[in-house]
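These notes concern the structure reproduced below.
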Amino acid sequence: MQYYAFAVPGLEEIAGQELAELGADVGERRRGVVFFSWDGDPQGLLALTTVEDVYALVARDTVKRSREGLEEIEALVADAELFELAVGAHRRARPKRIKRISYRVVAQRHGGRQRYMRKEARKALERAIGRRFPRWRKVEEEALIEVWGLEADRQLLVGVRLSDRTMRHRTYKEAQLEASLRPTVARAMVRLCEPGVDDVFLDPMCGAGTILIERGEYGRYGQLLGGDIRPEAVAAARTNIGPRYKPIEVREWDAASLPLAAGAVDRVVCNLPFGKKIGELWELQTLYGRSAGEMARVLKPGGVAVLLTSERAALERALAAAEVLYIERLMPVEVLGQEAFFFKLKKVI
Ligand SMILES: C[S@@+](CC[C@H](N)C(=O)[O-])C[C@H]1O[C@@H](n2cnc3c(N)ncnc32)[C@H](O)[C@@H]1O
Numbered sequence: 001m002q003y004y005a006f007a008v009p010g011l012e013e014i015a016g017q018e019l020a021e022l023g024a025d026v027g028e029r030r031r032g033v034v035f036f037s038w039d040g041d042p043q044g045l046l047a048l049t050t051v052e053d054v055y056a057l058v059a060r061d062t063v064k065r066s067r068e069g070l071e072e073i074e075a076l077v078a079d080a081e082l083f084e085l086a087v088g089a090h091r092r093a094r095p096k097r098i099k100r101i102s103y104r105v106v107a108q109r110h111g112g113r114q115r116y117m118r119k120e121a122r123k124a125l126e127r128a129i130g131r132r133f134p135r136w137r138k139v140e141e142e143a144l145i146e147v148w149g150l151e152a153d154r155q156l157l158v159g160v161r162l163s164d165r166t167m168r169h170r171t172y173k174e175a176q177l178e179a180s181l182r183p184t185v186a187r188a189m190v191r192l193c194e195p196g197v198d199d200v201f202l203d204p205m206c207g208a209g210t211i212l213i214e215r216g217e218y219g220r221y222g223q224l225l226g227g228d229i230r231p232e233a234v235a236a237a238r239t240n241i242g243p244r245y246k247p248i249e250v251r252e253w254d255a256a257s258l259p260l261a262a263g264a265v266d267r268v269v270c271n272l273p274f275g276k277k278i279g280e281l282w283e284l285q286t287l288y289g290r291s292a293g294e295m296a297r298v299l300k301p302g303g304v305a306v307l308l309t310s311e312r313a314a315l316e317r318a319l320a321a322a323e324v325l326y327i328e329r330l331m332p333v334e335v336l337g338q339e340a341f342f343f344k345l346k347k348v349i
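Note that the sequence shown ends on residue 349 in our numbering; no numbers are left out.
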């Protein structure tokens, strides 16, 4: 059975690893899309943590940019051999007793230069479904089956969505803060730090607590530690964490002077402040310099840190000064439409 998942651009490799661990056979990776086949229960795919959405594949082909493309879209989907299988996968993933199937179509487009509008592509998809499943009822919202079509340049990708918004947003985010990280990105950072079952895990600028929660959800650990300089962030993190993930400590502190002993931590994962809302560059440089020095101090030799920032040069300068942290990997990742990087660091001595 063939599927694909949407991932935040830059996370395709980590999403592929998660899928492979699940037992899927991972195929092509395209910007923001990972294709795979999987013969297990489709419900198992709803537990994926590093992808935004997962789909059962209906059709995938190139279509013309001219208006002829609309007829090609309709024919491709009306005749798609995989359509019933994809609907069957949805029925198994989300079993529900119903009298009649309701559906809606979502049409997306990245780039393009098509000679027809996105709305027309959606209508072509609806005509195809009307031909293929005349008894289905079209609705605007709360549809049982969602058929998503993505046009990326000349490639059309059509699938039945198996996931819902809880895959992307999770269910724990009661207290929202600005600049809060996407849970899938937080989970990818957790995976990249190679967590171990006895780890003391630290997020020194934890905001609403997303990274700590994703580490807690990932699996066993020794202790979770987090803090933030703003009391409202500490309160939001505590609300989102609730009574889970013990032992855990969330404190108000300055990441530039952590109340932790040298060598007390195995893993650091942190979404650093960056972007428009953050003040002057020299202030950021000072914060990066001081907090990188503290991370270097509290990490054990051989410890790993994974940091996220779009301010690559500022972090590289800070790391050069911290000396003991060397960059093992730099991975570009798109965060809120902006190019940012995962820095995977190791403490050498
Ligand atoms: C990009 S946000 C982190 C968001 C977090 N990962 C989340 O998902 O909510 C950066 C956080 O760093 C905190 N921060 C800034 N300077 C700090 C400092 N010197 N010490 C501790 N926290 C700091 C900010 O208050 C903010 O909550």
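Beta carbons are placed, not taken as given, at the ideal position from N, Cα and C, and that holds for glycine.
Simplified DSSP state of residue i, which is helix, strand or coil
i      : result
Val350 : There is no way to answer for residue 350, as the model of the chain reaches only from 1 to 349.
Ser66  : coil
Glu323 : coil
Ser163 : coil
Gly88  : helix
Arg109 : strand
Val139 : coil
Glu81  : coil
Arg312 : helix
Pro332 : strand
Gln114 : coil
Ala318 : helix
Ala262 : coil
Glu52  : coil
Ala256 : coil
Minimum C-alpha distance to residue i - residue among the options
i      : options                           : result
Val5   : Arg118, Trp148 and Trp282         : It is worth fixing the name first, because residue 5 is Ala in this sequence and not Val. The shortest C-alpha separation from Ala5 is found at Trp148.
Arg244 : Ser257, Asp228, Gly219 and Arg230 : Gly219
Arg165 : Pro183, Gly159, Ala175 and Gln176 : Pro183
Leu157 : Ile101, Glu126 and Ala107         : Ala107
Leu225 : Met295, Arg92 and Gln17           : Met295
Ile14  : Leu48, Pro95, Gly44 and Leu76     : Leu48
Gln338 : Tyr3, Met1 and Gly10              : Gly10
Glu68  : Asp41, Glu52 and Glu120           : Glu120
Glu81  : Tyr221, Met1, Ala237 and Leu325   : Met1
Leu162 : Arg135, Gln43 and Arg97           : Gln43
Ile98  : Arg65, Leu70 and Trp136           : Trp136
Ala340 : Phe274, Leu22, Val348 and Tyr116  : Phe274
His90  : Asp41, Met331 and Ala305          : Asp41
Arg65  : Arg113, Lys96, Glu28 and Pro95    : Arg113
Pro204 : Glu151, Thr171 and Val265         : Val265
Glu151 : Gly222, Val348 and Arg30          : Arg30
Glu146 : Ala86, Pro134 and Arg131          : Ala86
Ile129 : Arg297, Glu142, Pro247 and Ser102 : Ser102
Arg100 : Arg122, Val139 and Ala78          : Val139
Ile73  : Val26, Arg131 and Thr50           : Arg131
Arg329 : Ala322, Phe343, Leu336 and Arg317 : Phe343
Ser257 : Glu232, Gly289, Asn240 and Glu280 : Gly289
Exposure label - residue i; buried when at least 16 CB within 10 Å
i      : result
Glu178 : exposed
Trp38  : buried
Thr62  : exposed
Trp253 : buried
Gly216 : buried
Thr210 : buried
Leu34  : First, the amino acid is wrong: residue 34 is Val here, not Leu. Answer is buried; the Cβ neighbour count reaches 16.
Arg187 : buried
Ala292 : buried
Met117 : exposed
Ala20  : exposed
Gly207 : buried
Ile213 : buried
Glu12  : buried
Tyr3   : buried
Arg170 : buried
Gly242 : exposed
Delimiting residues of the alpha helix (DSSP H) encompassing residue i
i      : result
Gln17  : Glu12 to Leu22
Arg30  : It is not in any alpha helix (DSSP H) - Arg30 instead sits in the beta strand (DSSP E) that spans Asp25 to Arg30.
Glu126 : Arg118 to Arg132
Beta strand (DSSP E) segment containing residue i, residue limits
i      : result
Ala7   : Where Ala7 is concerned, there is no enclosing beta strand (DSSP E), given that its DSSP letter is neither H nor E.
Ile248 : Ile248 to Glu252
Ile145 : Ile145 to Ala152
Arg267 : Val265 to Asn271
Ser37  : Val33 to Ser37
Residue i beta carbon near ligand 3 (any heavy atom closer than 8 Å)
i      : result
Val234 : Looking for ligand 3 in the displayed structure turns up nothing; the ligands present are ligand 1.
- Query: Considering only residues of the segment 157-243, which uninterrupted alpha helix (DSSP H) runs meet the minimum length of 4 residues and lie entirely inside it, listed in chain order?
  - Reply: Considered as a whole, the segment 157-243 harbours 165-169, 183-192, 210-218 and 231-241 as its complete alpha helix (DSSP H) runs of no fewer than 4 residues, in chain order.
- Message: Which runs of the alpha helix (DSSP H) at least 4 residues long sit entirely within the segment 280-305? Give them in chain order.
- Response: 281-298
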